[in-house]
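Take a look at the structure set out below.
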Amino acid sequence: MKRIRSTARWPVSRWLAGFGLSLALAAQALGAAPYYEGKTIEIIIPFPVAGGSDIWIRTIGPYLERNIPGNPRLVYRNIGGGRGIPGMMEFALKTKSDGLMVLVSSATNYFPVLLGDKAAKYDFRQWKPLLVNPVGGVMYVSPASGVKRVEDLAKAKDLIYGGISAIGLDMIPLISFELLELDARGVLGFKGRGDARIAFERGETNIDYQTTPAYNATVVPLIKEGKAIPLMSFGQLDDSGNIVRDPAVPDLPTVPEVYEKIKGRKPSGKFWDTYKIFMPSAFAVQKILWVKGDAPAEAARVFYEASDRLSKDKEFLTKTSKVLGGYPLQRGDRLEKTIQQAFQIDQETQRFVREWVRKKYHVKLD
Amino acid sequence: MWDAALIALGKFADPVHIGMLMAGVMAGTVIGILPGLGGIASVAILLPFIFKLDVHTAMILLIGSVAVVHTSDTITSVLIGTPGSAAAAATVLDGHPLAKQGQAGRALSAAFLSSLIGGLIGAVFLTLSLPIARPLVLLFGSPELLMLCVLGLSFAGFLTGSQPLKGAMSACLGLLLGSVGAAPTEAVYRYSFDQLYLLDGIPLVGVALGVFGIAEIIDLLAKGGQIAERIGLGGGWIQGMKDVMRHWGIVVRGSLIGVWAGILPGIGATAGSWMSYGHVVAMARDRERFGKGDIRGVIGPESANNSVEAGDLIPTLLFSVPGGAPAAILLGALFFYGIQPGPRMVQENLDLIFTIIWGFAFANAIGAGLCLLLSPALARLTWVPFAKMAPAIVVTIFIGAFQSSQHFGDLFALLALGFLGWLMKQLGWARAPFLVGFVLSKPTEQYLWLSISRYGAEWLWRPGVIVMGLLLLATIVWIVVGKLKGKQSLDEESTEGPPLLGKTSSIVFTFFILFVFAGALYEARSFPYLGAIFPVAATIPAIFMAVLQVVLDLRAPGVELAPEARNKTGTALSYFLSLVLYFLLIWLIGFAIATALFTFLFLYGWVKLRLSRSLIYTACLVGAAAFMGWMLGLYWPAGILGGW
Numbered sequence: 045m046k047r048i049r050s051t052a053r054w055p056v057s058r059w060l061a062g063f064g065l066s067l068a069l070a071a072q073a074l075g076a077a078p079y080y081e082g083k084t085i086e087i088i089i090p091f092p093v094a095g096g097s098d099i100w101i102r103t104i105g106p107y108l109e110r111n112i113p114g115n116p117r118l119v120y121r122n123i124g125g126g127r128g129i130p131g132m133m134e135f136a137l138k139t140k141s142d143g144l145m146v147l148v149s150s151a152t153n154y155f156p157v158l159l160g161d162k163a164a165k166y167d168f169r170q171w172k173p174l175l176v177n178p179v180g181g182v183m184y185v186s187p188a189s190g191v192k193r194v195e196d197l198a199k200a201k202d203l204i205y206g207g208i209s210a211i212g213l214d215m216i217p218l219i220s221f222e223l224l225e226l227d228a229r230g231v232l233g234f235k236g237r238g239d240a241r242i243a244f245e246r247g248e249t250n251i252d253y254q255t256t257p258a259y260n261a262t263v264v265p266l267i268k269e270g271k272a273i274p275l276m277s278f279g280q281l282d283d284s285g286n287i288v289r290d291p292a293v294p295d296l297p298t299v300p301e302v303y304e305k306i307k308g309r310k311p312s313g314k315f316w317d318t319y320k321i322f323m324p325s326a327f328a329v330q331k332i333l334w335v336k337g338d339a340p341a342e343a344a345r346v347f348y349e350a351s352d353r354l355s356k357d358k359e360f361l362t363k364t365s366k367v368l369g370g371y372p373l374q375r376g377d378r379l380e381k382t383i384q385q386a387f388q389i390d391q392e393t394q395r396f397v398r399e400w401v402r403k404k405y406h407v408k409l410d
Numbered sequence: 055m056w057d058a059a060l061i062a063l064g065k066f067a068d069p070v071h072i073g074m075l076m077a078g079v080m081a082g083t084v085i086g087i088l089p090g091l092g093g094i095a096s097v098a099i100l101l102p103f104i105f106k107l108d109v110h111t112a113m114i115l116l117i118g119s120v121a122v123v124h125t126s127d128t129i130t131s132v133l134i135g136t137p138g139s140a141a142a143a144a145t146v147l148d149g150h151p152l153a154k155q156g157q158a159g160r161a162l163s164a165a166f167l168s169s170l171i172g173g174l175i176g177a178v179f180l181t182l183s184l185p186i187a188r189p190l191v192l193l194f195g196s197p198e199l200l201m202l203c204v205l206g207l208s209f210a211g212f213l214t215g216s217q218p219l220k221g222a223m224s225a226c227l228g229l230l231l232g233s234v235g236a237a238p239t240e241a242v243y244r245y246s247f248d249q250l251y252l253l254d255g256i257p258l259v260g261v262a263l264g265v266f267g268i269a270e271i272i273d274l275l276a277k278g279g280q281i282a283e284r285i286g287l288g289g290g291w292i293q294g295m296k297d298v299m300r301h302w303g304i305v306v307r308g309s310l311i312g313v314w315a316g317i318l319p320g321i322g323a324t325a326g327s328w329m330s331y332g333h334v335v336a337m338a339r340d341r342e343r344f345g346k347g348d349i350r351g352v353i354g355p356e357s358a359n360n361s362v363e364a365g366d367l368i369p370t371l372l373f374s375v376p377g378g379a380p381a382a383i384l385l386g387a388l389f390f391y392g393i394q395p396g397p398r399m400v401q402e403n404l405d406l407i408f409t410i411i412w413g414f415a416f417a418n419a420i421g422a423g424l425c426l427l428l429s430p431a432l433a434r435l436t437w438v439p440f441a442k443m444a445p446a447i448v449v450t451i452f453i454g455a456f457q458s459s460q461h462f463g464d465l466f467a468l469l470a471l472g473f474l475g476w477l478m479k480q481l482g483w484a485r486a487p488f489l490v491g492f493v494l495s496k497p498t499e500q501y502l503w504l505s506i507s508r509y510g511a512e513w514l515w516r517p518g519v520i521v522m523g524l525l526l527l528a529t530i531v532w533i534v535v536g537k538l539k540g541k542q543s544l545d546e547e548s549t550e551g552p553p554l555l556g557k558t559s560s561i562v563f564t565f566f567i568l569f570v571f572a573g574a575l576y577e578a579r580s581f582p583y584l585g586a587i588f589p590v591a592a593t594i595p596a597i598f599m600a601v602l603q604v605v606l607d608l609r610a611p612g613v614e615l616a617p618e619a620r621n622k623t624g625t626a627l628s629y630f631l632s633l634v635l636y637f638l639l640i641w642l643i644g645f646a647i648a649t650a651l652f653t654f655l656f657l658y659g660w661v662k663l664r665l666s667r668s669l670i671y672t673a674c675l676v677g678a679a680a681f682m683g684w685m686l687g688l689y690w691p692a693g694i695l696g697g698w
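Here the protein sequences come in this chain order: A and B.
Mapping of the first sequence onto my numbering: residues 45 to 410, in sequence order.
Mapping of the second sequence onto my numbering: residues 55 to 698, in sequence order.
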């Protein structure tokens, strides 16, 4: 056994420490061993290696290993492709109720559910969120568009936005354009948000958005050079589920704030309903770590406690700040209601969105 | 800038860094040799190891492996005619015939040297372009990128062989296969028949391994004996180096083509090496030897596929946009360290950029040296009776194919395309245009889509587009004139001896292809307009060509098949069936048992190896396969009858 180092001067305290330790050991021997001791937790990642969600979990993984009592080993399993559905189904069908298999999910996994895709036969209501990490998004324009401030947006002509697909994250900016009634159109078919940003830089498009980490690294330099002007953020959710300013870019107004500024009234209507339903999935609760709903309570509890400890861990906060995007790693139980609400959609709105992407962006949903 | 370069160079005096570089190079070399495993696999394997290293060390490890994959993948391509990675398929065309002629040494040394020079040119180009790369990349809008893709596609015209009609249909077939899965913007999922597997399209690895690898293995097995006659390798090594010196122009042009293919998004190493191959054929005065073992056909693609990886780093580091699949993983690794590449990278992390560049250059040198050392031993494999090697190769190919999406569909596609490739090979349908069409299908369609939806018809009048349009026109004239003059461009070598399949088979095959095109066109009627452009553009001309081909076939004189040929066809088919059986066994009783059973039955029952040797071979192979599966993080589904 390792000797206990003590800085105390009194031998009594050393003696006491030893006594405490033996008590702890005795307790363990009596069967109070941590739930995850000597166990391996398999993490299902329904995306290919080195994607955003993969890097997210692999970055925080080692800290979880250290902060979960019993120090379980984490193994990562990527099941990419098929719009994330094969990975989700693997988790939905194969997981036992022992908390030894957890799942990372992202916006790609929520949108098919919200859009009523029949292939997405998984149900988030049967799972428990362990950890949640939001992401933000910032929209900006090129000075060539004639827009200098958000107020100019209403009279701006021929705004062109580059995106990947109308049924992915790009839906949020595209819906924002409709909500704000801008003269903007989406040119879709880019391979990634980075490719779309290159198109913005070469003047092929003149309005764009990036997630906050990418915004800080790749757009802020453009702003300093006068090649881009920041406009607004998509916002985050507060504890009661209202859309509020994004703490990562507190100076920028949110889309609904801009609406009020331009229109002089609170947002309403079908596009506003759509925005409220889809924005959280896309950004505010984007990354979620799940366990099956019937897993032992202790399995979930140790994750919550690990997240509490990590939120005060200086090393963790500095080392992972870029990957976490400047947002806290939140306990899943606190957000459970918000999350389950985020994946609910009424039939009317669903029909409206499907009709809109079909008519405007020629997307054929099954 | 230069002091940063020197500081970064100083890092390589650290034994830890040298050790990591060596580890990366070793891993990359081995992975490159294994058929079907390329850059993505090598980075993915090493990725879990980097999470405990600092960023410089980690990058050295990763870049070391990426840099050499396209050096060592040549070994497999040349020796057994199976692409060591998808990007090495072009090397098969001339490299493998050389090996069969007993000139494996020459082909390999030429390939390694041109890989090395290509890699170094790539590194130099990468360094020089750091200050100007951003504006350079921004020069190319979607319409210009579209024209580049079309230009690349037109190169397929040089690769159609002596039967241009069949070659052109082959290219259309490639384009069509490439349009399986999501159309740009996810507007529609084409030809997916409600299979989740097909939503992402068919993976390139399976296509390259099937059309070239499986087809070649079946042929080699049917032929019997070993790949090459036992002739001393002798002076071949020196000869190969002399070849590179003599054709230095090809090396330089090939490297630059590779760098550009890397810089431009969506092109990639496979397309780059084919473009380089196409350019060599296009510029050659005498084209008779291509496809039958012309050393220029090895030098061209080999000098390109290493420099692609250097080119890939430019968008990755300066725009935070991965230039290719391995670069995407590299980018993810940088995110892990809290480094988000972008415009500030050159100011803030210049030392890291130079660590990567130096690592790339050193790895290229070490990799080429290592391959040169390994090759004489490996070249001896061509003297071993091929049937004895076959189980090991087949199992590795299955692993390589399965690794791309870990779905049974991967194996199914591998075998179906393998059979297609074998038929094409026997019936004189060039396979090179097929692969060119397949790899360029996605980017061409994407840029077409973007150009139209951004600019309408105006994109046609942009100056860059007009310039490249003229270039395209010149290329087409060049091809047509060449064909009219009867300047025979390459014929992919078919099996030695008399043809295996006769007139009837040829007509049936053409009818089948006609049926596929017609069915695809019929399906396309329900696609939204932009999603239909591509399938329609690929199928309509192909249908006309197929009808014409049927008429030509019917009028051609029948060939009397030698009885020996019938026997050989039967043997080839039975070998193919044994692969199908292996596939079915995996499905029924799981990978491990199936592999053991297949290997043992093949060796003991068919090759008539001694019982003890068969058992040892089987045990070793199953162990190696399990190890590889573990390294690659493969999850083989349990068989439906149980087993594992």
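Ideal Cβ placement from N, Cα and C applies to all residues, glycine included.
These numbers come from a predicted model, not from an experiment.
- Around the CB of B:A692, fewer than 16 other CB atoms lie within 10 Å, so the residue is classed as exposed.
- Taking the Cα positions, B:M478 is about 20 Å away from B:A141.
- Neighbours of A:Y405 in chain B, taken as residues whose beta carbon is under 9 Å from its own, are T239, A241 in chain order.
- Contact between A:L147 and A:I88 is confirmed by a C-beta separation of about 5 Å, below the 8 Å threshold.
- Nearest in C-alpha terms to A:F91, of all of A:A151, A:L266, A:L203, A:E380, is A:A151.
- Look at the segment 189 to 204 of chain B: the residues with a C-beta under 9 Å from a C-beta of chain A are V191, L192, L193, F194, G195, S196.
- Three or more pairs of CB atoms, one per stretch, sit closer than 8 Å, so the segment 228 to 238 of chain A contacts the segment 199 to 212 of chain A.
- In terms of Cβ geometry, B:L207 and B:T498 form a close pair [threshold 8 Å].
- Not flagged as an interface residue toward chain A: B:A574, since no C-beta distance is shorter than 8 Å.
- Counting only runs that start and end inside the segment 188 to 265 of chain B, the alpha helix (DSSP H) elements of at least 4 residues fall at 196 to 208, 218 to 232, 258 to 262.
- In summary, B:S330 is buried, with 16 or more beta-carbon neighbours lying within 10 Å of its beta-carbon over all protein chains present.
- At a beta-carbon threshold of 7 Å, the residues of chain A lying near B:F105 are R102, P106, ordered along the chain.
- At least one C-beta of chain B is nearer than 8 Å to the C-beta of A:T262.
- Comparing alpha-carbon positions, the option among B:F473, B:V313, B:F266 lying closest to B:D148 turns out to be B:F266.
- Within the segment 382 to 397 of chain B, the residues whose Cβ lies closer than 9 Å to any Cβ of chain A are, in chain order, A382, I383, L384, L385, G386, A387, F389, F390, Y391, G392, I393, Q394, P395, G396, P397.
- Shown in chain order are the members of the segment 109 to 141 of chain A whose Cβ falls below 8 Å from a Cβ of chain B: Y120, R121, N122, I123, G124, G125, G126, R127, I129, P130.
- In terms of beta-carbon proximity, B:D254 lines the interface with chain A, with at least one pair separated by less than 8 Å.
- Taking a contact as a CB-CB distance under 8 Å, the pair A:V367 and A:T139 does not count as one, their CB atoms being some 26 Å apart.
- Between A:F244 and A:L203, the alpha-carbon positions lie close to 11 Å from each other.
- Using a CB distance below 9 Å, the part of the segment 300 to 329 of chain B facing chain A consists of P319, G320, ordered along the chain.
- A residue is called buried when at least 16 other Cβ atoms come within 10 angstroms of its Cβ; B:K106 does not meet this threshold and is exposed.
- Judged by pairs of C-beta atoms under 8 Å, the segment 214 to 221 of chain A does not touch the segment 483 to 493 of chain B, as fewer than three such pairs exist.
- Look at the segment 508 to 534 of chain B: the residues with a C-beta under 8 Å from a C-beta of chain A are R508.
- Excluding its 5 nearest sequence neighbours in each direction, B:F473 has C-beta neighbours in its own chain below 7 Å: F630, listed in chain order.
- Taking 8 Å as the threshold, the shortest C-beta distance from A:R398 to chain B does not fall below it.
- The alpha helix (DSSP H) runs lying completely inside the segment 332 to 402 of chain A and spanning 4 residues or more are 341 to 354, 358 to 368, 376 to 386, given in chain order.
- Close partners of B:Q500 in chain A (Cβ separation under 9 Å): G233, F234, K235.
- B:L205 places its beta carbon 8 Å or farther from that of B:S139.
- When secondary structure is reduced to three states using DSSP, A:R237 falls in the helix class.
- Within the segment 139 to 170 of chain A, A163 place their CB atoms closer than 8 Å to a CB of chain B, listed in sequence order.
- Taken in chain order, the members of the segment 94 to 126 of chain B whose beta-carbon sits within less than 9 Å of a beta-carbon on chain A are I94, V97, A98, L101, P102, F105, K106.
- From the beta-carbon of A:E248, the residues of chain B found nearer than 7 Å are G195, S196, R508.
- In this structure, the beta-carbon distance from B:V261 to B:I304 does not fall below 8 Å.
- A straight line joining the alpha-carbon of B:G135 with that of A:V93 spans about 30 Å.
- Distance check between B:L538 and each of B:F212, B:P185, B:A59 places B:F212 closest, using alpha-carbon atoms only.
- A Cβ-Cβ contact shorter than 8 Å links A:G376 with A:L174.
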